[in-house]
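So the sequence shown is numbered by full-length UniProt numbering: it starts at 1 and just counts up by one. Written out below as structure tokens is the structure these notes cover.
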Amino acid sequence: MSLFQFTSRRLVSQAYCGLKPPSSKKQKICLEMARPNSNMADFREVFAKAKHIAIITGAGVSAESGVPTFRGTGGYWRKWQAQELATPEAFARNSSRVWEFYHYRRELMLSKQPNPAHIAIAECEARLSKQGRSVVVITQNIDELHRKAGTKHLLEIHGSLFKTRCTSCGNVAENYKSPICPALAGKGAPDPEIEDAKIPVENLPRCEEQGCNGLLRPHVVWFGETLNSDILTEVENELEICDLCLVVGTSSVVYPAAMFAPQVSARGVPVAEFNMQATPATNRFRFHFPGPCGTTLPPALARHKTELIS
Ligand SMILES: [Zn+2]
Numbered sequence: 001m002s003l004f005q006f007t008s009r010r011l012v013s014q015a016y017c018g019l020k021p022p023s024s025k026k027q028k029i030c031l032e033m034a035r036p037n038s039n040m041a042d043f044r045e046v047f048a049k050a051k052h053i054a055i056i057t058g059a060g061v062s063a064e065s066g067v068p069t070f071r072g073t074g075g076y077w078r079k080w081q082a083q084e085l086a087t088p089e090a091f092a093r094n095s096s097r098v099w100e101f102y103h104y105r106r107e108l109m110l111s112k113q114p115n116p117a118h119i120a121i122a123e124c125e126a127r128l129s130k131q132g133r134s135v136v137v138i139t140q141n142i143d144e145l146h147r148k149a150g151t152k153h154l155l156e157i158h159g160s161l162f163k164t165r166c167t168s169c170g171n172v173a174e175n176y177k178s179p180i181c182p183a184l185a186g187k188g189a190p191d192p193e194i195e196d197a198k199i200p201v202e203n204l205p206r207c208e209e210q211g212c213n214g215l216l217r218p219h220v221v222w223f224g225e226t227l228n229s230d231i232l233t234e235v236e237n238e239l240e241i242c243d244l245c246l247v248v249g250t251s252s253v254v255y256p257a258a259m260f261a262p263q264v265s266a267r268g269v270p271v272a273e274f275n276m277q278a279t280p281a282t283n284r285f286r287f288h289f290p291g292p293c294g295t296t297l298p299p300a301l302a303r304h305k306t307e308l309i310s
């Protein structure tokens with residue numbers, strides 16, 4: 001059994017702990033969390049004592065920086081949505097089109113900046129590390145805005161727009177070139193009437209490892225692909241030791257938070273949601289702060305009066 005299957009099954013069983021018959025300690029924990037608290041002073045008391053903070057972030061954090069997801073109403077690149085282009089089948093069928101899509105997204109990111117939520121997380125990590133406390137960011141976002149904001153301990157479970165992987169030798173490399181290759185210069189415009197550039201595969205990004213020259217692909221997890229097991233192991237380890245968990249810019253019924261947060265909550269560890277609205281899952285967590293996370297997060301993570309070193 002793969003780690004991913006193991007993880008999913010364990011988490012699914014814990015996600016429904018509130019529906020199980022009474023008798024266990026788990027049940028008691030779920031009942032205690034039946035009323036999510038939105039009192040910032042109460043959260044700040046818990047925050048002040050936390051030694052290992054895990055922060056799970058999703059698309060909502062990036063959306064506040066103007067990063068499109070290419071999903072949902074109006075979320076198109078040309079005639080397609082992300083789920084039609086971000087697949088191994090689409091890449092096999094039309095590598096040029098998929099590379100145009102990713103080239104567009106890479107170039108777009110050059111004009112995007114971290115917002116106050118990214119910055120608050122990065123500042124909190126830097127400050128707490130001087131106090132012997134840790135912050136880890138577990139994100140599904142591939143745009144590197146956490147890194148740009150200064151976050152050091154970052155687990156990108158979906159990979160990065162700025163990494164490539166060779167389809168021949170498997171080498172993974174950082175790549176910030178703009179354009180990523182000469183043939184993609186000026187290509188990738190998102191308007192629906194734009195024709196495919198039909199770039200010959202030999203002119204698409206190629207591996208620079210000696211003697212390889214294999215076709216590169218974006219080092220991101222596509223629809224239908226499994227998560228990297230090494231990163232999942234790291235995530236599991238972090239969730240085991242965390243004593244406070246924040247879910248930011250994603251609802252706790254939506255992946256990835258739905259995979260991770262219930263596991264933490266079932267251990268009796270406080271979970272705090274920062275997202276636009278409450279969901280049915282919100283009742284399983286200790287805290288909920290509705291609204292844009294660029295507004296709600298900075299005061300939550302600011303220096304606490306009990307912190308001796310800032
Ligand atoms: Zn290679």
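We treat Cβ as the ideally placed atom computed from N, Cα and C, and that holds for glycine.
heavy atom of ligand 1 below 8 Å from residue i C-beta
i           : result
residue 313 : Within the shown structure, residues of the chain are numbered from 1 to 310, placing residue 313 beyond reach of any answer.
residue 353 : This structure cannot settle anything about residue 353, because the visible part of the chain is limited to 1 through 310.
residue 207 : yes
residue 181 : no
residue 95  : no
residue 168 : yes
residue 171 : yes
7 Å Cβ shell around residue i - same chain, five flanking residues per side excluded
i           : result
residue 158 : 140, 142, 220, 221
residue 296 : 274, 289
residue 88  : 222, 224, 225
residue 212 : 166, 168, 169
Of the residues the options, the one placed nearest residue i, counting alpha carbons only
i           : options            : result
residue 249 : 294, 226, 52, 233  : 294
residue 111 : 52, 156, 54, 178   : 178
residue 283 : 292, 276, 291, 271 : 271
residue 152 : 175, 128, 173      : 128
residue 307 : 44, 256, 36, 287   : 44
residue 253 : 42, 48, 46, 58     : 58
residue 265 : 287, 275, 274      : 287
residue 100 : 85, 109, 113, 114  : 85
residue 228 : 213, 160, 66, 65   : 160
residue 280 : 150, 258, 180, 299 : 258
residue 118 : 146, 231, 173      : 146
residue 216 : 134, 126, 174, 247 : 174
residue 247 : 109, 72, 136       : 136
Own chain residues within Cβ distance below 6 Å of residue i, not counting five before or after
i           : result
residue 301 : 120, 124
residue 50  : 243, 244
residue 70  : 77, 81, 82
residue 312 : A question about residue 312 goes unanswered here, because the residues of the chain that appear run from 1 up to 310.
Residues near residue i by beta carbon distance below 8 Å, same chain, minus five either side
i           : result
residue 269 : 242, 243, 244, 245
residue 106 : 161, 162, 178, 180
residue 214 : 166, 167, 168, 169, 206, 207
Residue range of the beta strand (DSSP E) that includes residue i
i           : result
residue 272 : 271–275
residue 148 : Unbroken run through residue 148 is the alpha helix (DSSP H), 145–149; no beta strand (DSSP E).
residue 139 : 134–139
residue 245 : 244–248
residue 161 : 159–166
residue 223 : From DSSP, residue 223 is part of no beta strand (DSSP E); its letter is neither H nor E.
residue 154 : 154–156
residue 174 : 172–174
Boundaries (first-last residue) of the alpha helix (DSSP H) holding residue i
i           : result
residue 96  : 95–109
residue 60  : 59–63
residue 118 : 116–129
residue 215 : Careful: residue 215 lies outside any alpha helix (DSSP H) and carries neither H nor E.
residue 298 : 293–301
Q) Between the region 92–103 and the region 192–209, do three or more beta carbon pairs fall short of 8 Å? A) Two segments are said to touch when three or more pairs of C-beta atoms, one from each, lie closer than 8 Å; by this definition the region 92–103 touches the region 192–209.
Q.
Below 8 Å, how does it come out for the region 180–194 and the region 74–88: are there three or more Cβ pairs, yes or no?
A. Yes: at least three Cβ pairs fall under 8 Å.
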